[in-house]
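Asks: Sequence lines, in order, name chains A and B. Numbered per our numbering, the first sequence spans residues 71 to 184. Numbered per our numbering, the second sequence spans residues 130 to 245. The beta-carbon is built from N, C-alpha and C at its ideal position, and this holds for glycine as well. As the structure is a prediction and not an experimental result, all values here were calculated from the model. Below is one structure. I have some questions about it.
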Amino acid sequence: AQSVTQLGSHVSVSEGALVLLRCNYSSSVPPYLFWYVQYPNQGLQLLLKYTSAATLVKGINGFEAEFKKSETSFHLTKPSAHMSDAAEYFCAVTGGTSYGKLTFGQGTILTVHP
Amino acid sequence: SAVISQKPSRDICQRGTSLTIQCQVDSQVTMMFWYRQQPGQSLTLIATANQGSEATYESGFVIDKFPISRPNLTFSTLTVSNMSPEDSSIYLCSVERDSSITDTQYFGPGTRLTVL
Numbered sequence: 071a072q073s074v075t076q077l078g079s080h081v082s083v084s085e086g087a088l089v090l091l092r093c094n095y096s097s098s099v100p101p102y103l104f105w106y107v108q109y110p111n112q113g114l115q116l117l118l119k120y121t122s123a124a125t126l127v128k129g130i131n132g133f134e135a136e137f138k139k140s141e142t143s144f145h146l147t148k149p150s151a152h153m154s155d156a157a158e159y160f161c162a163v164t165g166g167t168s169y170g171k172l173t174f175g176q177g178t179i180l181t182v183h184p
Numbered sequence: 130s131a132v133i134s135q136k137p138s139r140d141i142c143q144r145g146t147s148l149t150i151q152c153q154v155d156s157q158v159t160m161m162f163w164y165r166q167q168p169g170q171s172l173t174l175i176a177t178a179n180q181g182s183e184a185t186y187e188s189g190f191v192i193d194k195f196p197i198s199r200p201n202l203t204f205s206t207l208t209v210s211n212m213s214p215e216d217s218s219i220y221l222c223s224v225e226r227d228s229s230i231t232d233t234q235y236f237g238p239g240t241r242l243t244v245l
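This is how it looks when you write it as structure tokens:
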């Protein structure tokens, strides 16, 4: 079985500050990891994904995430927050016989203050 | 990427009734999935919609409650049957172009269902 834990259901930062959204996973097989963003009243949009190539993954809108097997983590970062980054962010995992079936974390709501 | 549309975008229904949600993709895809996002919660996979055969349901979800059709490679429907207020959720369709483990899963805009 696979699972994802996102630490912090709400994160608040100032505009221009570092964004750090935490994601830890549990998987008995090599995981494939994803970060999605959901803006209010919209569907999910893929930010980035890890598929066993480079451990540092760059995504859209200046976001990146680093896969750390030893820490079973896949934290999402952005050096400088923008007001438009305010949204809910979901970490998800798949792998092994469960491929294609995404298991999502609980989500983290990011608030950006001026 | 894939352009996915869902109909209706939202609906308010009475308990005991059923609602069918449509998912249309702009091109043929191998995999189609249905997720539920209950208020304030994350997404949970309901089932994988299989073209030409019965859907594969996840634990806790049954065909009688959530019948799914997939008549071709671009279209699927999810019916929420005999609805109760606990069925109030956002229902999302997602697709993958192929069955590769590295393929990206794209999501539709969702259908926001409220059951009174």
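What separation, rounded to the nearest whole angstrom, lies between the Cα atoms of Glu-225/B and Asp-155/A?
Replies: Using only the alpha carbons, I get a separation of about 26 Å.
Asks: Taking the C-alpha atoms as reference points, what is the distance between Thr-181/A and Leu-118/A?
Replies: 20 Å
Asks: At what residues does the beta strand (DSSP E) containing Gln-115/A begin and finish?
Replies: 114 to 120
Asks: Kindly indicate which three-state DSSP category Met-161/B falls into: helix, strand or coil?
Replies: strand
Asks: Please state the DSSP three-state secondary structure of Glu-141/A.
Replies: coil
Asks: Quick one: does Leu-172/A have its CB under 8 Å from some CB of chain B?
Replies: yes
Asks: In this structure, does DSSP put Glu-215/B in helix, strand or coil?
Replies: helix
Asks: Kindly indicate the opening and closing residues of the beta strand (DSSP E) around His-183/A.
Replies: 178 to 183
Asks: Within its chain, find whatever has a CB closer than 6 Å to the CB of Gln-76/A; leave out the 5 residues flanking it on each side and keep chain order.
Replies: Cys-93, Cys-161, Gly-175, Gln-176, Thr-178
Asks: Looking at the secondary structure, which residues open and close the beta strand (DSSP E) in which Ser-84/A lies?
Replies: Note, Ser-84/A: beta strand (DSSP E), 80 to 84.
Asks: Can Asn-211/B and Gly-169/B be called in contact, C-beta distance under 8 Å?
Replies: Not closer than 8 Å, so no.
Asks: If contact is defined by three or more beta carbon pairs under 8 Å, each pair taking one atom from either stretch, is the stretch 141 to 155 of chain B in contact with the stretch 196 to 208 of chain B?
Replies: With a cut-off of 8 Å, the stretch 141 to 155 of chain B and the stretch 196 to 208 of chain B count as touching, because enough Cβ pairs lie within range.
Asks: For Gln-112/A, go through chain B and note every residue whose CB falls closer than 8 Å to its CB, in chain order.
Replies: Residues of chain B passing the Cβ test: Pro-238, Gly-239.
Asks: Report back the beta-carbon spacing between Gly-86/A and Ser-150/A to the nearest angstrom; my notes put them in contact at under 8 Å.
Replies: 5 Å
Asks: So, does the CB of Gly-175/A fall closer than 8 Å to a CB anywhere in chain D?
Replies: Any reference to chain D falls outside this structure, whose protein chains are A and B.
Asks: Per DSSP, which residues does Leu-245/B bridge with? Please list them.
Replies: Answer is none; Leu-245/B lacks a bridge partner.
Asks: For Gln-234/B, return the contacting residues in chain A, with the cut-off set at a CB-CB distance below 7 Å.
Replies: Leu-172
Asks: To be precise: take each residue of the stretch 104 to 129 of chain A, compare its Cβ to all Cβ atoms of chain B, and keep it if any distance is under 7 Å. Which residues remain?
Replies: Gln-112, Gly-113, Leu-114, Leu-116, Lys-119, Thr-121
Asks: Decide if Gly-181/B is buried, meaning its Cβ has at least 16 other Cβ atoms within 10 Å, or exposed.
Replies: exposed
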